[in-house]
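A.B. asks:
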Amino acid sequence: MSRVLYKASQNARLVSRSGLSQRGLRRTYTTGQPPPPSPATGAGPEKNSGSSNMLLYSTLALGAGLAGWWYMQDPSEQQRLKAKAEKEEAELKQHISNAADSARARASSTVQEGQQKLDGFKADGKAKYEQVKKDADAKYDQYKGDANKKVDELRKSTEDLYKEATEKKDEKKKGWFSWLGL
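Count along the sequence shown from 1, then add 656; that gives the number in the numbering used here.
(1) Quick check: the Cα distance between GLY823 and ARG811, rounded to an integer number of angstroms?
(2) Note down, in chain order, each residue of its chain lying with its Cβ closer than 6 angstroms to the Cβ of GLY706, except the 5 sequence neighbours on either side.
(3) Once DSSP output is grouped into helix, strand and coil, what is the label at PRO731?
(4) What is the rounded straight-line gap between the Cα of ALA792 and the Cα of LYS782?
(5) What's the gap between the Cα of ASP826 and the Cα of SER813?
(6) So for SER694, helix, strand or coil by DSSP?
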């Protein structure tokens, strides 16, 4: 058995050495974790951090700037954008004109409705005024007639009283002063 193991290990060495040497790989041993670095060597070689990323970012920014410049320098795109802006401006002017026309139409119809209501109120007010005036004139004429009747009655009664008083006065004069000759 030991012979078999010896031959197998020699064949394995030959196979592994020939495979390693053909590929140019070194021989390695599996030992587990690598040993910690010694305090004398430090943490290891310092890397220049950020230099490769800076180059990448600056290249990307330059590319974006060039792409934007090329996009803005395309004359067909500028003409298309200008035509689009003019078309939208014309549509907006048309929309504003339509809105103004509809607002004017609504305002004029509202004014007409208001004028009709005002004319109706004026007619109603004039009719009521005429009716009140007729009623007031009738009452005035009635009160005037009643007052004239009362004034006539009072005048007549006053005249009657005056006549009676003068008659009585005359009678008294005749009665008391008749001996004087008056």
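Beta carbons: idealized from backbone N, C-alpha and C, even for Gly. This structure is a prediction, so every number in the text was calculated from the model and none was measured.
C.D. replies: Concretely, from the data shown:
(1) Reading off the sequence, residue 823 comes out as Glu, not Gly. So the alpha carbons of these two residues sit roughly 18 angstroms apart.
(2) The predicted model places GLY706 with a pLDDT of 47, which falls under 50 and marks its position as unreliable; any figure quoted below should be read in that light. Close CB contacts of GLY706 within its chain, under the 6 angstroms cut and outside five residues either way in sequence, are absent.
(3) It is helical.
(4) Between ALA792 and LYS782, the C-alpha separation is close to 15 angstroms.
(5) Near 19 angstroms, if we compare the C-alpha coordinates of SER813 and ASP826.
(6) Here DSSP, grouped into helix, strand and coil, assigns SER694 to coil.
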